[in-house]
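**Q** The following block contains the structure, expressed as structure tokens.
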Amino acid sequence: MSERPPISPRSPRAALEPEQVPPPPKRSDRARNPFVIVGNAIITLLLISMIGAGAVYYYGRQVLEAPGPLKEDKIVNIPQRAGKRDIAETLNREGVTDVNPWVFIASVAALKASSDLKPGEYSFQKNASLRDVIATIVEGKVVQHAVTIPEGLTSEQIVARLSDNDIFTGSVRELPREGTLLPETYKFPRGTTREQVIQRMQQAHKRVLTEIWERRSQDIPVKTPEQLVTLASIVEKETGKPDERSRVAAVFVNRLKQKIKLQSDPTIIYGLVGGKGTLGRPIKRSEITQPSPYNTYVIEGLPPGPISNPGRASLEAAANPARTRDLYFVADGTGGHAFTETYDAHQKNVAKLRAMEKQIQNDTVEPAEDAQPPAAAAPGAADTPTATTPARPNQQKKPPAAPRPAGPAPARQGAVQPSAPVVGGLARAVLPTGLCGFHFPAK
Numbered sequence: 040m041s042e043r044p045p046i047s048p049r050s051p052r053a054a055l056e057p058e059q060v061p062p063p064p065k066r067s068d069r070a071r072n073p074f075v076i077v078g079n080a081i082i083t084l085l086l087i088s089m090i091g092a093g094a095v096y097y098y099g100r101q102v103l104e105a106p107g108p109l110k111e112d113k114i115v116n117i118p119q120r121a122g123k124r125d126i127a128e129t130l131n132r133e134g135v136t137d138v139n140p141w142v143f144i145a146s147v148a149a150l151k152a153s154s155d156l157k158p159g160e161y162s163f164q165k166n167a168s169l170r171d172v173i174a175t176i177v178e179g180k181v182v183q184h185a186v187t188i189p190e191g192l193t194s195e196q197i198v199a200r201l202s203d204n205d206i207f208t209g210s211v212r213e214l215p216r217e218g219t220l221l222p223e224t225y226k227f228p229r230g231t232t233r234e235q236v237i238q239r240m241q242q243a244h245k246r247v248l249t250e251i252w253e254r255r256s257q258d259i260p261v262k263t264p265e266q267l268v269t270l271a272s273i274v275e276k277e278t279g280k281p282d283e284r285s286r287v288a289a290v291f292v293n294r295l296k297q298k299i300k301l302q303s304d305p306t307i308i309y310g311l312v313g314g315k316g317t318l319g320r321p322i323k324r325s326e327i328t329q330p331s332p333y334n335t336y337v338i339e340g341l342p343p344g345p346i347s348n349p350g351r352a353s354l355e356a357a358a359n360p361a362r363t364r365d366l367y368f369v370a371d372g373t374g375g376h377a378f379t380e381t382y383d384a385h386q387k388n389v390a391k392l393r394a395m396e397k398q399i400q401n402d403t404v405e406p407a408e409d410a411q412p413p414a415a416a417a418p419g420a421a422d423t424p425t426a427t428t429p430a431r432p433n434q435q436k437k438p439p440a441a442p443r444p445a446g447p448a449p450a451r452q453g454a455v456q457p458s459a460p461v462v463g464g465l466a467r468a469v470l471p472t473g474l475c476g477f478h479f480p481a482k
């Protein structure tokens, strides 16, 4: 009979405890696989990245779409060779944006516009969002400045205007030939070179001249487009009234056909001062007969070249003049002109204007009590500005000269100045033929 082990009394708690603790279960070989470990890490990182990206997207969208601080539309210049940070600081300084430069740079990168930002002058709208601001710069829709070149200016005067305009850069290397620029209103962005402006005006002139030359009247006595420009430049200087251009052109065309000298005062001025355009004083008697390639009181036909840069309307008028037989025109006292075919009818128009001037003088000028009789002309007076007392017209076979019309429109330059003081809004100038023309002073 075997002996039993002695029974050792235990507490109830000890009795409940197992006699041996089982070993922990072994990790599976699959869980210890390095690929599983790496995969779990990647998934965790992806989840964290997605959450972060969502947060960044939400914040970025708020930044891009939120209304900007600009209180009203504003033009801002983005200088050449400006980097992204420079642009951000410029926009903040001008009040267009109020974000950190790094936020601006990050937004440009998010919109894939890092290489598309263009310098220039831009107009930003009121409360423009950051997205709108960046889109405006990327599209390159810079502000276009309207520049108006009046008709009738010489090339020298046009170049001077361009030189005085600070939206342009550079200089004009060579003065353009007279009559090769088209006066018009153009639009240019700030920073355009003056050479580019000249080239654009020349291209516009060629295009318009080609169009007009192709549909010209076959009756006009001009053989080349250049002669058409010369005729148009005289028409441009002779009247500033749009509805008279074709009729003024008809007077000169009729004179050319009948071999009558054109006798246009603006050609005398151009022969004296060239491209400067304005004489700054009345024409002297001696200058009317002074030989010059441009003095149409002396030469037959057209001068050797244009005396200004005519506009489209004057080119059209010269190419398709009115179908009249007029040989004379003189100011009618209302800012326009009276046109006639015969010398006698023309003299009646001149007489009407003389009476009008006399009436205006009587209404506006009180005679001096101690007025002295006019002194006789001193020797050498022929070299002074034309007198105010008309001489008898010279007897000649050909019709006399066409009197000077009213002065050009206020925008024009180079107008002939009256040879007598302005009286009551009118000025009187005596022509070499003895006829009296009336000039309204430019306002």
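In terms of this note's numbering, the sequence shown opens at residue 40 and continues consecutively. The beta carbon of each residue, even a glycine, is placed where N, CA and C say it ideally should be.
1. Out of curiosity, what's the CA-to-CA distance linking V181 and Q238?
2. Just to confirm the assignment, what range does the beta strand (DSSP E) spanning I117 have?
3. Which one or two residues does DSSP pair with Y367 in a beta bridge?
4. Assign Y225 to one of three DSSP states: helix, strand, or coil.
5. Take A152 and list the residues in its own chain whose beta-carbon comes closer than 7 Å to its own, dropping the five residues that flank it on each side.
6. Give me the Cα-Cα distance between S210 and R364, rounded to the nearest whole angstrom.
7. Identify, in the order they occur along the chain, each residue of the same chain with its Cβ nearer than 7 Å to the Cβ of A357, setting aside the five sequence neighbours on each side.
8. What residue does the beta strand (DSSP E) around G159 start on, and which one ends it?
9. By the 10 Å Cβ neighbour count, where 16 or more other Cβ atoms means buried, how is I81 classified, buried or exposed?
10. Between H376 and D383, what straight-line distance do the alpha-carbon atoms span, to the nearest angstrom?
11. Can you tell me the Cβ-Cβ gap for S146 and L109, rounded? I've got them flagged as a contact below 8 Å.
12. Could you check where the beta strand (DSSP E) with Q235 kicks off and where it finishes?
13. Give the straight-line distance between the Cα atoms of V389 and G191, rounded to the nearest whole angstrom.
14. Among E396, P305, P215, F291, which one has its Cα closest to the Cα of P360?
15. For a test of the three-state rule: what should DSSP assign to Q329, helix, strand or coil?
16. Can H184 and L221 be called in contact, C-beta distance under 8 Å?
17. What did DSSP end up calling V186 once you bin it into helix, strand or coil?
18. Pick from K397, D171, D205: whose alpha carbon is nearest that of V186?
**A** A quick look at the data gives this:
1. In the sequence shown, counting from the first residue as 1, residue 181 sits at position 142. In the sequence shown, counting from the first residue as 1, residue 238 sits at position 199. Taking the straight line joining both Cα atoms gives about 21 Å.
2. Here residue 117 is taken as the residue at index 78 of the sequence shown, counted from 1. Per DSSP, I117 belongs to the beta strand (DSSP E) from 113 to 117.
3. Your numbering for residue 367 matches position 328 in the sequence shown. Paired residues: T379.
4. Residue numbering aside, residue 225 sits at position 186 when the sequence shown is read from its first letter. In the three-state scheme derived from DSSP, where H, G and I count as helix and E and B as strand, Y225 is classed as strand.
5. For the purposes of this step, residue 152 is identified with residue 113 of the sequence shown, where counting begins at 1. Excluding sequence neighbours, A152 sits near I173, V177.
6. Against the sequence shown, residue 210 aligns to sequence position 171. Against the sequence shown, residue 364 aligns to sequence position 325. Going by C-alpha positions, S210 is about 47 Å away from R364.
7. Here residue 357 refers to the residue found at position 318 of the sequence shown. Beyond the five residues adjoining it in sequence on each side, A357 comes within less than 7 Å, by CB distance, of L267, L270, A271, V274, A288 in the same chain, given in chain order.
8. The count along the sequence shown starts at 1 and reaches residue 159 at position 120. Its beta strand (DSSP E) spans residues 159 to 163.
9. As a first step, residue 81 is located in the sequence shown; it is residue number 42 there, counting from the start. With fewer than 16 Cβ atoms within 10 Å of its Cβ, I81 is classed as exposed.
10. Mapped onto the sequence shown, residue 376 falls at position 337. Mapped onto the sequence shown, residue 383 falls at position 344. So the two alpha carbons sit approximately 16 Å from each other.
11. Within the sequence shown, the letter at position 107 stands for residue 146. Within the sequence shown, the letter at position 70 stands for residue 109. About 17 Å separates the beta carbon of S146 from that of L109, a gap too long to meet the 8 Å contact definition.
12. On the sequence shown, residue 235 is found 196 positions in, with the first residue counted as 1. No beta strand (DSSP E) holds Q235; the alpha helix (DSSP H) holding it covers 233 to 253.
13. Within the sequence shown, numbered from 1, the residue matching residue 389 stands at position 350. Within the sequence shown, numbered from 1, the residue matching residue 191 stands at position 152. Looking at the two C-alpha atoms, the distance is approximately 27 Å.
14. Taking the first residue of the sequence shown as position 1, residue 360 is located at position 321. Per the Cα distances, F291.
15. Position 290 of the sequence shown, counted from the start, is the residue given in the question as residue 329. Looking at Q329 - three-state DSSP - the assignment turns out to be coil, as it is neither helix nor strand.
16. Position 145 of the sequence shown, counted from the first residue, corresponds to residue 184. Position 182 of the sequence shown, counted from the first residue, corresponds to residue 221. Result no, Cβ atoms of H184 and L221 do not sit closer than 8 Å.
17. In the sequence shown, counting from the first residue as 1, residue 186 sits at position 147. Note: V186 maps to strand in three-state DSSP.
18. Locating residue 186 in the sequence shown gives position 147, counting from the first residue. Measuring from the Cα of V186, the nearest candidate turns out to be D205.
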